[in-house]
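Asker: Quick one: the structure is below, questions incoming.
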């Protein structure tokens, strides 16, 4: 059995070398060497696959925007080396703004077994498709999502993103990312390992107790909280946000006291009944009890008090008015901002500092 496995491995390796040589000739190879990697013995194929692909391969690459038949952008794909796209507007449903057909012509594949995977997006929708055959393909959009999407596509086009790693690379990248979403100890270790590998982050286990008892009386309006979750669904999303943004906190929030001195926790990323993003103001005791006893994402929370000079300038009244009057989050900063830069940014830009 061992000898037959060696013979098979030797034969496949020889074929891979032959096919690699064909890549530099004028003839189209029936297979790309990467297409045969899964057929090789695991001890040979997996190290090669892991070296070729990583989690970054799940990130789509923008290649074109299709807006009209008169605008036909061209690009090189991972499989098909010659690609064109254009948008045809129509009103087959008789709706107010109609719909459209995206035409995508693919050709010049580097092998007969490859395929390209695409993501198509506007600010109002995201869809995907894959292409295996050299010909003209179409993506049908029956109706635009109102005037806003119709005008957006007319002016800016339907955005086209390529999964550059192809099917095998994308699946391999997903295999690395999948464990991040599991709400287990394994998932937590996977999140930590992911940040160590891809961000160069380092982690040290704190000595117990892991919870520090602080007095609510020591927390003032304008003090920040840095929250980092490393387990479960939200932990995985925050890990990926940290990776693409360079942040080391999942998101930040702000503390505010009302006229009666009661402490509140202000956090963006919540929605109202209309689906609008709002700043949720949650009573401190309620939020703190949830984090200590009910949040299974293993949150790591750090209190970052404002510098006394900044605290003296903080306009508590203006902050409350802003938090309660606008659907757009501003007090609780986006997770895409690294925490040390927040104090200077808010001081120079936001009106609730005097």
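Residue numbers (our numbering): 1362 to 1715. In this text, a Cβ means the ideal position worked out from N, Cα and C, and glycines have one as well.
Within this structure, are the beta carbons of residue 1599 and residue 1589 separated by less than 8 Å?
Answerer: For this step, residue 1599 is matched to residue 238 along the chain shown. For this step, residue 1589 is matched to residue 228 along the chain shown. Yes, they are a contact pair.
Asker: In chain order, what residues of the same chain lie with their CB nearer than 6 Å to the CB of residue 1488, ignoring the 5 residues before and after it?
Answerer: Locating residue 1488 in the chain shown gives position 127, where the first residue counts as 1. Excluding sequence neighbours, residue 1488 sits near 1481.
Asker: By the three-class DSSP mapping on this structure, what secondary structure does residue 1621 have?
Answerer: If you number the chain shown from 1, residue 1621 lands on position 260. Residue 1621: coil per DSSP, three-state reduction.
Asker: Does the Cβ-Cβ distance between residue 1595 and residue 1551 come in under 8 Å?
Answerer: Sequence index remark: in the chain shown, residue 1595 carries index 234 (1-based). Sequence index remark: in the chain shown, residue 1551 carries index 190 (1-based). Contact flag unset, no.
Asker: Among 1682, 1680, 1615, which one has its Cα closest to the Cα of residue 1586?
Answerer: Within the chain shown, the letter at position 225 stands for residue 1586. Per the Cα distances, 1615.
Asker: Suppose contacts are defined by Cβ-Cβ distances below 8 Å. Is residue 1643 in contact with residue 1626 by that definition?
Answerer: To locate residue 1643, count along the chain shown from 1; it is residue 282. To locate residue 1626, count along the chain shown from 1; it is residue 265. Yes, the pair counts as a contact, with Cβ atoms nearer than the cut-off.
Asker: With burial defined as no fewer than 16 other Cβ atoms inside 10 Å of the residue's Cβ, what is the status of residue 1574: buried or exposed?
Answerer: Stepping through the chain shown from its first residue, residue 1574 is reached at position 213. Answer is exposed; the Cβ neighbour count stays below 16.
Asker: With respect to the alpha helix (DSSP H) encompassing residue 1679, which residues constitute its N-terminal and C-terminal limits?
Answerer: Within the chain shown, residue 1679 is the residue found at index 318, counting from 1. Start and end: 1677-1686.
Asker: State the beta-bridge partners of residue 1587 as determined by DSSP.
Answerer: As a working note, residue 1587 is residue 226 in the chain shown. Residue 1587 is bridged to 1613, 1663.
Asker: Can you list, in chain order, the residues of its chain whose CB lies under 7 Å from that of residue 1510, leaving out five sequence neighbours each side?
Answerer: Counting from 1 along the chain shown, the entry for residue 1510 is found at position 149. Taken in chain order, the residues that qualify are 1483, 1485.
Asker: Among the residues of its own chain, which have a CB less than 6 Å from the CB of residue 1303, if the five just before and after it don't count?
Answerer: A query on residue 1303 cannot be resolved here, the shown segment of the chain reaching from 1362 to 1715 and no further.
Asker: Could you tell me whether the Cβ atoms of residue 1428 and residue 1448 are closer together than 8 Å?
Answerer: The residue given as residue 1428 occupies position 67 in the chain shown. The residue given as residue 1448 occupies position 87 in the chain shown. Cβ distance < 8 Å, so residue 1428 and residue 1448 count as in contact.
Asker: Between residue 1430 and the rest of its own chain, which residues show a CB-CB distance below 7 Å, the 5 nearest in sequence each way excluded?
Answerer: Along the chain shown, one-based indexing puts residue 1430 at 69. Hits under 7 Å: 1447, 1449.
Asker: Going along the chain, which residues of its own chain have a beta-carbon closer than 7 Å to the beta-carbon of residue 1689, five neighbours each way excluded?
Answerer: Within the chain shown, the letter at position 328 stands for residue 1689. Note on residue 1689: pLDDT 46, under 50, position unreliable in the model; the coordinate value appears next. Taken in chain order, the residues that qualify are 1638.
Asker: Tell me whether residue 1572 sits in a helix, a strand or coil according to DSSP, three-state version.
Answerer: Here residue 1572 corresponds to residue number 211 of the chain shown, with the count starting at 1. Coil.
Asker: In terms of residues, what are the limits of the beta strand (DSSP E) holding residue 1592?
Answerer: By one-based count along the chain shown, residue 1592 stands at place 231. No beta strand (DSSP E) contains residue 1592, which DSSP labels as neither H nor E.
Asker: Take residue 1526 as the anchor and find which of 1662, 1647, 1476 has the nearest alpha-carbon.
Answerer: Taking the first residue of the chain shown as 1, we reach residue 1526 at position 165. Comparing Cα positions, the closest option is 1476.
Asker: Around the Cβ of residue 1423, are there at least 16 other Cβ atoms within 10 angstroms (buried) or fewer (exposed)?
Answerer: Mapped onto the chain shown, residue 1423 falls at position 62. Exposed.
Asker: Might you give, ordered along the chain, the residues of its own chain that have their beta carbon closer than 8 Å to the beta carbon of residue 1499, omitting 5 neighbours on each side?
Answerer: Along the chain shown, read from residue 1 onward, the residue named residue 1499 stands at position 138. Once the five neighbours on either side are set aside, the close Cβ partners of residue 1499 are 1462, 1463, 1464, 1465.
Asker: Use the C-beta contact count for residue 1693: other C-beta atoms within 10 angstroms, 16 or more gives buried, fewer gives exposed.
Answerer: In the chain shown, counting from the first residue as 1, residue 1693 sits at position 332. Unreliable placement is indicated for residue 1693, whose pLDDT of 35 sits below 50; the coordinate value is still reported in the next sentence. The residue in question, residue 1693, is buried, as its Cβ has 16 or more Cβ neighbours within 10 Å.
Asker: Are there three or more Cβ pairs, one per stretch, closer than 8 Å when the segment 1554-1564 is compared with the segment 1643-1655?
Answerer: At 8 Å Cβ cutoff, the stretches do not touch.
Asker: Going by DSSP in three states, residue 1670 sits in which element: helix, strand or coil?
Answerer: Mapped onto the chain shown, residue 1670 falls at position 309. Three-state result, residue 1670: helix.
Asker: Is DSSP giving residue 1505 helix, strand or coil here?
Answerer: Residue numbering aside, residue 1505 sits at position 144 when the chain shown is read from its first letter. The answer is coil: DSSP assigns residue 1505 none of H, G, I, E or B.
Asker: From the DSSP output, read off the bridge partner residues of residue 1422.
Answerer: Reading the chain shown from its first residue, position 61 is the one you call residue 1422. In DSSP, residue 1422 forms a bridge with 1523.
Asker: In three-state terms, what does DSSP make of residue 1516?
Answerer: Taking the chain shown and counting its residues from 1, one reaches residue 1516 at position 155. Three-state result, residue 1516: helix.
Asker: Residue 1678 to residue 1593, Cα distance in whole Å?
Answerer: Along the chain shown, one-based indexing puts residue 1678 at 317. Along the chain shown, one-based indexing puts residue 1593 at 232. Taking the straight line joining both Cα atoms gives about 37 Å.
Asker: Is residue 1460 helix, strand or coil by DSSP?
Answerer: To locate residue 1460, count along the chain shown from 1; it is residue 99. Residue 1460: strand per DSSP, three-state reduction.
Asker: Please report the Cβ distance between residue 1421 and residue 1522, rounded to the nearest whole angstrom; I am assuming they are in contact, meaning their Cβ atoms lie under 8 Å.
Answerer: As a position in the chain shown, residue 1421 is number 60, starting the count at 1. As a position in the chain shown, residue 1522 is number 161, starting the count at 1. Confirmed, Cβ separation roughly 3 Å.
Asker: Give the straight-line distance between the Cα atoms of residue 1622 and residue 1685, rounded to the nearest whole angstrom.
Answerer: Your numbering for residue 1622 matches position 261 in the chain shown. Your numbering for residue 1685 matches position 324 in the chain shown. If I take the Cα positions, the gap works out to 17 Å.
Asker: DSSP three-state call for residue 1511: helix, strand or coil?
Answerer: Within the chain shown, the letter at position 150 stands for residue 1511. Residue state, collapsed to three classes: helix.
Asker: Give the secondary structure of residue 1638 by DSSP, where H, G and I count as helix, E and B as strand, and everything else as coil.
Answerer: Within the chain shown, residue 1638 is the residue found at index 277, counting from 1. Residue state, collapsed to three classes: strand.
Asker: List in chain order: all unbroken alpha helix (DSSP H) runs of 4+ residues lying wholly within the segment 1425-1483.
Answerer: Qualifying alpha helix (DSSP H) stretches: none in this window.
Asker: Alpha carbon to alpha carbon, how far is residue 1524 from residue 1439? Give it in angstroms, no decimals.
Answerer: As a position in the chain shown, residue 1439 is number 78, starting the count at 1. As a position in the chain shown, residue 1524 is number 163, starting the count at 1. The straight-line gap from Cα to Cα measures roughly 8 Å.
Asker: Buried or exposed for residue 1663, please, with buried defined as at least 16 other CB atoms from any protein chain shown within 10 angstroms of its CB.
Answerer: The sequence position of residue 1663 within the chain shown is 302, counting from 1. Exposed.
Asker: Within 10 angstroms of its Cβ, does residue 1441 collect 16 or more other Cβ (buried), or is it exposed?
Answerer: Looking up residue 1441 in the chain shown gives position 80. Counting Cβ neighbours within 10 Å, residue 1441 comes out buried, since at least 16 surround it.
Asker: Give every residue of the same chain whose Cβ lies closer than 8 Å to the Cβ of residue 1541, excluding the five residues on either side of it in the sequence, and list them in chain order.
Answerer: As a position in the chain shown, residue 1541 is number 180, starting the count at 1. Same-chain partners within the cutoff: 1548, 1551, 1552, 1555, 1596, 1597, 1600, 1601.
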